[in-house]
Amino acid sequence: MEIKNYKPMDKGCLKGRFDVTVPQWGLTLRDCALFEKEGDKWVNFPSRQYKTEDGTTKHYACAVMEKEEKKKFDEACLAAIEKLPKEVATEQVPF
């Protein structure tokens, strides 16, 4: 697993955005999001934003995994992010 184009940010629970490549699957997921809240960290797959009939903003995940597989995927992503050079992992993006 490779993390590419990591962009750290501090927008509430959102801590970064990145692409993740799984070479053995021939798969790249672009624009994944790293979240952290109350000590828990997790990865969200790319999503589409939409509004409900009452005007509430929601997000529709463009990919899904079974719960246990998703947990393993998140752990692998978090481990790969931890291995990024510190200057990459802390450089804030202005937008």
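Every position in the sequence shown, counted from 1, becomes a number in the working numbering once 3 is added.
Backbone N, C-alpha and C define an ideal beta-carbon position, used for all residues, glycine too.
Return no unless some Cβ of chain D is closer than 8 Å to the Cβ of residue i.
{"i": "A36", "result": "Here there is only one protein chain, and chain D is not present."}
Relative to the C-alpha of residue i, which residue among the options is closest?
{"i": "M4", "options": "P11, V23 and P88", "result": "V23"}
{"i": "K61", "options": "K74, K86, R51 and N8", "result": "R51"}
{"i": "L30", "options": "I6, K86, T59 and E56", "result": "I6"}
May I have the straight-line CA-CA distance separating residue i from residue j, to the nearest angstrom?
{"i": "A66", "j": "K89", "result": "29 Å"}
{"i": "Y9", "j": "E56", "result": "34 Å"}
{"i": "D77", "j": "E85", "result": "12 Å"}
{"i": "K74", "j": "M68", "result": "9 Å"}
{"i": "M12", "j": "L87", "result": "15 Å"}
{"i": "Y63", "j": "K54", "result": "10 Å"}
{"i": "K40", "j": "W28", "result": "30 Å"}
{"i": "G122", "j": "P26", "result": "Residue coverage of the chain in this structure runs from 4 to 98, which leaves residue 122 outside it and unanswerable."}
{"i": "E72", "j": "F21", "result": "20 Å"}
{"i": "T59", "j": "K70", "result": "26 Å"}
Residue i by DSSP, collapsed to three states: which one?
{"i": "K44", "result": "strand"}
{"i": "C35", "result": "strand"}
{"i": "K5", "result": "According to the sequence displayed, residue 5 carries Glu and not Lys. If DSSP states are grouped into helix, strand and coil, E5 belongs with the strands."}
{"i": "A66", "result": "coil"}
{"i": "P116", "result": "Residue coverage of the chain in this structure runs from 4 to 98, which leaves residue 116 outside it and unanswerable."}
{"i": "D13", "result": "strand"}
task: Indicate whether the contact test is met: 3 or more Cβ pairs, each with one atom in the region 73–81 and one in the region 42–56, closer than 8 Å.
output: yes
task: Determine, using beta-carbon pairs with one atom in the region 30–38 and one in the region 10–18, whether at least three such pairs fall under 8 Å.
output: yes
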